[in-house]
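For the sequence shown, the working numbering assigns the number 146 to the initial residue and increments by one for each residue that follows.
Heads up, the beta-carbon is just placed ideally off N, CA and C, and yes, glycines get one too.
In this text, all values refer to a predicted model and were calculated from it rather than measured experimentally.
Data block below; observations after.
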Amino acid sequence: YQPYALLPEGFVTPDQPVALFPNNRSREVHLTIQAGVPDFTARLVVDLPAGWRANPDTVEFQIPLEGGKAPVTIEIFPPEQPQVATVNFHLLWEGQVLSKAIQDIRYEHIPDQHVLLPSTMKLVHVDLAVQGREIGYITGAGDQVPSCLEEAGYRVTLLEDSDLSARDLKRFDAVLIGIRAYNTRKSLKYYQEELAAYIREGGTVVAQYNTSRGLVCNPSPLPLQLSRDRVTVESADITIIHPEHPAMHIPNEISATDFEGWVQERGLYFPNEWDPSFTPLLAAADPGEETSEGLLLVAPYGKGHFVYTGISFFRQLPAGVPGAYRLLANLLALGQSDKP
């Protein structure tokens, strides 16, 4: 038994909520048009703000069967200057304007659910310089960072345990460790020396946040103590403690504007004690709380670099926050300018 659903006559659903446009490059976006009635003949209209352009900007189509679907690909061209915008998609059908996307939720133990959403996509034209495009990614509890990096122009390889020898890691410009990997991936404790050897030989490892309890081992090759410190106000002021550090300049100049438009939080589970080799780069606090300087720690180690950060890149990148992309690109680029 399924309840009767009163739905629009047609839907246009983007395949992703955010599209990234690094450095004025155009890109394709993909839509699915679904008919809610038989013999659905309509016209798709791409509604963009001034300065943006689509090819094509209208599409005529016919779907004979109710429930039938038609894929549509549109190329979108950004304006010259970086900006964040929204594109709206409309279906013109028999004098009506249909502007809803649909998400069907189906599980055996509940009735089918149909979630209607505005048919929109966030467009992010970001001025983004990248140095070193080959990234190895050690997955943790699961996040969308690898696909976001690919959108930014990186080539990302998801690493299994068998890939974690220093010899195999040498082919990567940097290794990025996913959120809570040291809470969920017990085998990592057996590969810490391999990661350390990779860094000593000139590699860069960037470790994202872990919870302070349930660690399988120290996530750092240097002494590091995690805490429960966090900054939950996404607009909390950020202080750049060492503005002269290369991570604040190469290849992107980081400034206060890069910390605007963040979502949900600044970060969590920051370290509160660390080896003197680390340089703390950022500080922040929630209102009425003590300032934490453990948001972003960078240390030289042998010929390479180790970075530990509780910054919520796993939230900011899927949300299309330009400054988060630029900051992470700088961390992944550490040491690249020193290589032949």
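DSSP-derived helix/strand/coil call for residue i
{"i": "PRO167", "result": "strand"}
{"i": "PRO416", "result": "strand"}
{"i": "SER437", "result": "strand"}
{"i": "PHE404", "result": "helix"}
{"i": "GLN370", "result": "strand"}
{"i": "LYS448", "result": "coil"}
{"i": "GLU398", "result": "coil"}
{"i": "ALA469", "result": "helix"}
{"i": "PRO425", "result": "strand"}
{"i": "ASN355", "result": "coil"}
{"i": "PRO216", "result": "strand"}
{"i": "ARG330", "result": "coil"}
{"i": "GLN207", "result": "strand"}
{"i": "VAL275", "result": "coil"}
{"i": "VAL350", "result": "strand"}
{"i": "TYR453", "result": "strand"}
{"i": "ILE385", "result": "strand"}
{"i": "VAL361", "result": "coil"}
{"i": "GLN289", "result": "coil"}
{"i": "GLU296", "result": "helix"}
{"i": "ASP483", "result": "helix"}
{"i": "SER307", "result": "helix"}
{"i": "GLN147", "result": "coil"}
{"i": "TYR335", "result": "helix"}
{"i": "ALA478", "result": "coil"}
{"i": "ARG325", "result": "coil"}
{"i": "ASP431", "result": "coil"}
Contact belief for residue i with residue j at Cβ below 8 Å, rounded distance in angstroms
{"i": "ARG278", "j": "ARG300", "result": "5 Å"}
{"i": "LYS528", "j": "TYR343", "result": "Since the first and last residues shown for the chain are 146 and 485, residue 528 lies out of range."}
{"i": "LEU236", "j": "GLY155", "result": "5 Å"}
{"i": "PHE304", "j": "GLY281", "result": "According to the sequence as given, residue 304 is Leu; it is not Phe. Between GLY281 and LEU304 the Cβ distance is about 5 Å, and since that is below 8 Å, they are a contact."}
{"i": "VAL350", "j": "VAL320", "result": "5 Å"}
{"i": "ALA352", "j": "TYR453", "result": "5 Å"}
{"i": "LEU462", "j": "ALA469", "result": "6 Å"}
{"i": "LEU442", "j": "TRP407", "result": "Not confirmed; about 19 Å, so no contact."}
{"i": "VAL290", "j": "PHE458", "result": "6 Å"}
{"i": "ALA199", "j": "PHE206", "result": "With a Cβ gap of about 16 Å, ALA199 and PHE206 do not count as contacting."}
{"i": "LEU440", "j": "ARG411", "result": "7 Å"}
Proximity below 8 Å, CB of residue i to CB of residue j
{"i": "ASN475", "j": "ILE399", "result": "yes"}
{"i": "PHE423", "j": "HIS270", "result": "no"}
{"i": "ILE221", "j": "TRP197", "result": "yes"}
{"i": "THR177", "j": "THR158", "result": "yes"}
{"i": "LYS267", "j": "VAL163", "result": "yes"}
{"i": "ALA429", "j": "ALA392", "result": "no"}
{"i": "LEU360", "j": "PRO416", "result": "no"}
{"i": "ILE386", "j": "GLU438", "result": "yes"}
{"i": "GLN147", "j": "ASP257", "result": "yes"}
{"i": "ARG373", "j": "TYR414", "result": "yes"}
{"i": "GLU339", "j": "LEU294", "result": "no"}
{"i": "GLU346", "j": "GLY447", "result": "yes"}
{"i": "VAL217", "j": "LEU262", "result": "no"}
{"i": "ASN88", "j": "LEU273", "result": "Summary: the structure shown does not reach residue 88, with the chain confined to residues 146 through 485, and so no result is reported for it."}
{"i": "ALA230", "j": "PRO194", "result": "yes"}
{"i": "ILE283", "j": "ILE322", "result": "yes"}
Buried or exposed (CB count within 10 angstroms, at least 16 for buried), residue i
{"i": "SER307", "result": "exposed"}
{"i": "ASP184", "result": "exposed"}
{"i": "SER521", "result": "Absent from the structure is residue 521, since the part of the chain shown begins at 146 and ends at 485."}
{"i": "THR366", "result": "Reading the sequence as shown, one finds Pro at residue 366 and not Thr. So PRO366 ends up on the buried side."}
{"i": "ASN397", "result": "buried"}
{"i": "VAL242", "result": "exposed"}
{"i": "ILE255", "result": "exposed"}
{"i": "ALA326", "result": "buried"}
{"i": "GLY465", "result": "buried"}
{"i": "SER264", "result": "buried"}
{"i": "GLN409", "result": "exposed"}
{"i": "GLY348", "result": "buried"}
{"i": "HIS450", "result": "buried"}
{"i": "ASN355", "result": "buried"}
{"i": "GLY285", "result": "buried"}
{"i": "PRO364", "result": "buried"}
{"i": "PRO467", "result": "buried"}
{"i": "GLY455", "result": "buried"}
Bridge-paired residues (DSSP) for residue i
{"i": "VAL191", "result": "PHE234"}
{"i": "LYS245", "result": "PRO263"}
{"i": "VAL301", "result": "ILE280"}
{"i": "ARG375", "result": "LEU413"}
{"i": "ILE221", "result": "ARG172, ALA199"}
{"i": "PHE185", "result": "ILE208"}
{"i": "LEU268", "result": "ALA164, ALA230"}
{"i": "GLN258", "result": "ILE250"}
{"i": "VAL320", "result": "GLY281, VAL350"}
{"i": "PHE156", "result": "GLN179"}
{"i": "VAL443", "result": "THR424, VAL452"}
Residue i: CB within 7 Å of a non-hydrogen atom of the ligand PLP
{"i": "ASP382", "result": "This structure does not include the ligand PLP; it has no bound ligands of any sort."}
C-beta neighbour in chain C for residue i, strict 8 Å
{"i": "PRO194", "result": "This model lacks chain C altogether, as it is built from one protein chain only."}
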